[in-house]
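In our numbering, the protein residues as written are 16 to 292.
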């Protein structure tokens, strides 16, 4: 169990850096939390396409500068709208904060991810365009991976519809979707044009599907060092508040990680309100 920041950093340092991989982290305030995106919770996946379209139709001006589908998904994620993205961070202390900042009666955990560089893409990657545009397809969207030829796969009806969505943002996109990519998870480095992402040193996992849209692709077990090594990054419930105070001395707090004006208001009220007995 992690008892303090020093203990936590020592655990992280034990694993070090490995060529051809990058390290990322995710904090879970409940140790039992599954590593899957919010759209795959509470049956929301059955209406992912409706959630995507209605989010834009309700506040179109918020999305006016979001040119690609993944940029729209990042904007939705920012405002708490369920997506097929999962937040991760390059800063282990940020992940530790999220493992401690709520659910004070439950143990938390920092998930340590070592991701191969060939599974890390930038926001303009074709693979990212493919996976993000799955969000626009209806619940019955599925793929047939039995064919070994990419050309045949791209001529199937579901993929033809998906290609139509992709070409709305990339008109010259070629009909060369690799079926293997659609059943995988990738890390995405997005534009740092969002102050919250910048402060949190954020990136995202984007999830493909497991044959049909209702089932998500799985994060490979060998990416999760908590499962494949002896590193222990669990946080006891009764240590969370103490660790949060310690993190604040390192500049990791709600005020610094959520720099938007509405969150500054919450911080100032909490700081200056008079305590009454």
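Beta carbons: idealized from backbone N, C-alpha and C, even for Gly.
Counting only runs that start and end inside the segment 194-271, the beta strand (DSSP E) elements of at least 3 residues fall at 200-204, 217-222, 227-231. Looking at the DSSP output, residue 131 bridges to 36. Excluding the 5 residues flanking it on each side, residue 147 has same chain C-beta neighbours closer than 7 Å at 84, 85, 88, 221, in chain order.
The segment 41-59 makes contact with the segment 94-104, as at least three CB pairs between them are under 8 Å.
Only residues of its own chain outside the window of five on either side were considered, and among them 42, 44 have a CB closer than 7 Å to the CB of residue 113, listed in chain order.
For residue 103, the uninterrupted beta strand (DSSP E) run begins and ends at 100-104, by DSSP. For residue 110, the enclosing alpha helix (DSSP H) has its first and last residue at 107-115. DSSP links residue 73 through a beta bridge to no other residue.
In the displayed model, residue 29 falls within a helix according to three-state DSSP.
Contact between residue 184 and residue 224 does not hold, since the beta-carbon distance rounds to 20 Å and is not under 8 Å. Secondary-structure assignment with DSSP links residue 43 through a beta bridge to 124. The criterion of a C-beta distance shorter than 8 Å is not satisfied by residue 252 and residue 156. Between residue 241 and residue 129 the beta-carbon gap is near 11 Å, outside 8 Å, which marks them as no contact. Sequence-distant Cβ neighbours of residue 230 in its own chain, meaning closer than 7 Å and more than five residues away, are 224. When DSSP states are grouped into helix, strand and coil, residue 154 belongs to the coil group. The shortest C-alpha to C-alpha distance from residue 210 to any of 270, 173, 237, 127 is the one to 270. Straight across, the Cα-Cα distance linking residue 117 with residue 227 is about 34 Å. Following the DSSP letters along the chain, one finds residue 168 inside the alpha helix (DSSP H) bounded by residues 165-168. The alpha-carbon separation between residue 126 and residue 250 amounts to approximately 11 Å.
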